[in-house]
Amino acid sequence: MLNKKTIEDIKIDGKKVLVRCDFNVPMDDAGNITDDRRIQSALPTIEYIIKNNGKVILMSHLGRPKGEAKKEFSLEPVAKRLANLLNREVIFVDNDNVTGEDANKAVDDMEKGEVVLLQNTRFRKGEKKNAKEFAKELAELADVFVNDAFGTAHRAHASNVGVAEFLPSAIGYLIKKEIDVMGKAMSNPERPFMAILGGAKVSDKIDVIENLIEKVDTLLIGGGMMFTFLKAKGYEIGNSLIEDDKVNLAKELIDKANKKGVELLLPTDVVVAKEFKNDTEYKTVSIDNIPKDMMGLDIGKKTSDAFGDEILKGKTIIWNGPMGVFEMENFAKGTESVAKSMAKSEGTTIIGGGDSASAVDKVGLSDKMTHISTGGGASLEFFEGKVLPGIDAIDNK
Ligand code: ADP
Ligand code: MG
Numbered sequence: 422m423l424n425k426k427t428i429e430d431i432k433i434d435g436k437k438v439l440v441r442c443d444f445n446v447p448m449d450d451a452g453n454i455t456d457d458r459r460i461q462s463a464l465p466t467i468e469y470i471i472k473n474n475g476k477v478i479l480m481s482h483l484g485r486p487k488g489e490a491k492k493e494f495s496l497e498p499v500a501k502r503l504a505n506l507l508n509r510e511v512i513f514v515d516n517d518n519v520t521g522e523d524a525n526k527a528v529d530d531m532e533k534g535e536v537v538l539l540q541n542t543r544f545r546k547g548e549k550k551n552a553k554e555f556a557k558e559l560a561e562l563a564d565v566f567v568n569d570a571f572g573t574a575h576r577a578h579a580s581n582v583g584v585a586e587f588l589p590s591a592i593g594y595l596i597k598k599e600i601d602v603m604g605k606a607m608s609n610p611e612r613p614f615m616a617i618l619g620g621a622k623v624s625d626k627i628d629v630i631e632n633l634i635e636k637v638d639t640l641l642i643g644g645g646m647m648f649t650f651l652k653a654k655g656y657e658i659g660n661s662l663i664e665d666d667k668v669n670l671a672k673e674l675i676d677k678a679n680k681k682g683v684e685l686l687l688p689t690d691v692v693v694a695k696e697f698k699n700d701t702e703y704k705t706v707s708i709d710n711i712p713k714d715m716m717g718l719d720i721g722k723k724t725s726d727a728f729g730d731e732i733l734k735g736k737t738i739i740w741n742g743p744m745g746v747f748e749m750e751n752f753a754k755g756t757e758s759v760a761k762s763m764a765k766s767e768g769t770t771i772i773g774g775g776d777s778a779s780a781v782d783k784v785g786l787s788d789k790m791t792h793i794s795t796g797g798g799a800s801l802e803f804f805e806g807k808v809l810p811g812i813d814a815i816d817n818k
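First residue of the sequence shown? That's 422 in our numbering, and the numbers climb one at a time after it.
This is the structure in structure tokens:
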């Protein structure tokens, strides 16, 4: 397993601890936080540092201000919400430059157990370029660096990778949890090990499929990408989503699964619709009966049941990608049904991917899963078997 230092391996007492969090929370137009789960996920690390008499200096990005200070991307609302959640003061350094005199002063004035939050790191052009200058300025504020932002771990930026060059470093509890659960699944899963893959396009998920096919016992495929696979098997798919240039790849993947003895399950029935909208004519048909003028927007009931039976046999189940256009009520049933089967499973259930996580949340089953990754893109790269630079940059034990 990964041999990175964790927050428990470093000295905290009296130290200035710079923590990279993922406070990239959704907000409405008025600047109200609409979902604070990412802030909540950061609490264990922050509270640990407070309890151990450290000084907590927090940083994060928010949205895409493109290297400029833009009011609507200020972290001020996050500072307020965090203060509520921690039930203590959070000193917000509202400096367009993120680092500089105000930040130095705020940090110099800190007592043990106090919390400072810096301004949005993406107000600086150097952040996404992983500029040494900016990384060094951040590092100079502190004695140690803790990375707890799993959501950006697949990016090499100044505030998560660059800064680790200049300070002793460790991972926080959130990253630890993410890589403990998902790392075990990828390297040493309890079997049967299965993956459920869906979402819109095969092309988004090629690397995920190719990596998982080497590891799993069973692969269930739904979502928009199923039609490229169905076409590869010779079915007529009407107006469904298709990537013609990926049909050959789908054939190769089917062959590979066969050769490796991986059971690859494709839908046997689908919900087809006249148009890509909720209020349109729709019906369930068998896959050899997809009308020319209709498009598949969900897996059918028979498929949901078959997938459900399969899921209940699994000891480790990874799910990425909704089974249908779950944003539309009429085409959400397949995704809901898979979520329910996952919730019933007594195995380890892991959800990765932004839309998949929100689909599970929508049906109120988040609590029933072993792990829902907080990183959309990062969890995908993890499933692809890639090394995440934000984790790689941290000191080894
Ligand atoms: P994740 O964010 O979990 O990785 P993706 O972004 O790959 O998932 O896919 C989610 C999107 O796939 C959803 O917006 C959903 O509407 C779309 N989708 C699922 N099934 C279909 C389908 N049959 N046709 C078109 N789009 C689909
Ligand atoms: Mg998505």
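From the three backbone atoms N, C-alpha and C, an ideal C-beta is built for every residue, glycine too.
The beta strand (DSSP E) spanning residue i covers which residue range?
i    : result
N568 : V565 to N568
V824 : Any question about residue 824 goes unanswered here, given that the chain covers just 422 to 818.
A694 : D690 to A694
Q741 : Checking the sequence shown, residue 741 turns out to be Asn, not Gln. Looking at the DSSP string, the run of the beta strand (DSSP E) that includes N741 is T737 to N741.
K704 : Y703 to S707
K437 : K437 to R441
G452 : First-last for G452: undefined, no H or E at that position.
K717 : Residue identity check: residue 717 is Gly in the sequence provided, not Lys. Element bounds for G717: M716 to I720.
Give me the Cβ distance between residue i and residue j, rounded to the nearest whole Å; I'm assuming they're in contact under 8 Å.
i    : j    : result
I596 : I812 : 7 Å
G583 : N541 : Not a contact, Cβ separation roughly 16 Å.
K636 : M607 : 7 Å
I478 : K437 : 6 Å
A591 : T427 : 6 Å
A490 : I512 : Not quite, the Cβ-Cβ distance comes to about 19 Å (not below 8 Å), so this is no contact.
T410 : V691 : With the chain covering only 422 through 818, there is no way to say anything about residue 410.
K557 : F587 : 6 Å
I771 : V602 : 6 Å
D457 : T795 : That pair is no contact at about 12 Å.
S762 : F728 : 7 Å
I720 : P688 : 5 Å
V693 : K677 : Not confirmed; about 29 Å, so no contact.
N474 : K549 : With 8 Å as the limit, N474 and K549 do not qualify as a contact, their Cβ atoms being about 34 Å apart.
Using 10 angstroms around the beta-carbon of residue i, count the other beta-carbons present and answer buried if the total reaches 16, otherwise exposed.
i    : result
V808 : exposed
T455 : exposed
R509 : exposed
R576 : buried
R485 : exposed
A579 : buried
R459 : buried
N568 : buried
N445 : buried
H493 : It is Glu, not His, that sits at residue 493 in the sequence shown. It counts as exposed.
E673 : exposed
N581 : buried
K818 : exposed
K425 : buried
D450 : exposed
R612 : exposed
G521 : exposed
P447 : exposed
E802 : buried
DSSP beta-bridge partners for residue i?
i    : result
E684 : T639
M531 : Paired residues: none, contrary to the question.
A591 : V567
D632 : Note on identity: in this sequence residue 632 is Asn, with Asp being the wrong assignment. None; N632 has no bridge partner.
K425 : N817
A616 : L640 and I739
F513 : L538
K487 : Bridge partners of K487: none, in fact.
H792 : I771
Return the first residue and the last residue of the alpha helix (DSSP H) that residue i is part of.
i    : result
F648 : M647 to A653
V477 : Element bounds for V477: not the alpha helix (DSSP H) but the beta strand (DSSP E), K476 to M480.
N505 : E497 to L507
M763 : K754 to K765
Quiz item: Does the segment 701-720 come close enough to the segment 761-781 that 3 or more CB-CB pairs lie under 8 Å?
Solution: no
Quiz item: Is the segment 553-569 touching the segment 754-771, taking contact as three or more C-beta pairs under 8 Å?
Solution: no
Quiz item: If you pair each beta-carbon of the segment 744-754 with each one of the segment 640-658, do three or more pairs fall below 8 Å?
Solution: yes
Quiz item: Touching or not, the segment 733-742 and the segment 679-699, by the rule of three or more beta carbon pairs under 8 Å?
Solution: no
Quiz item: Between the segment 588-602 and the segment 460-469, are three or more C-beta pairs nearer than 8 Å?
Solution: yes
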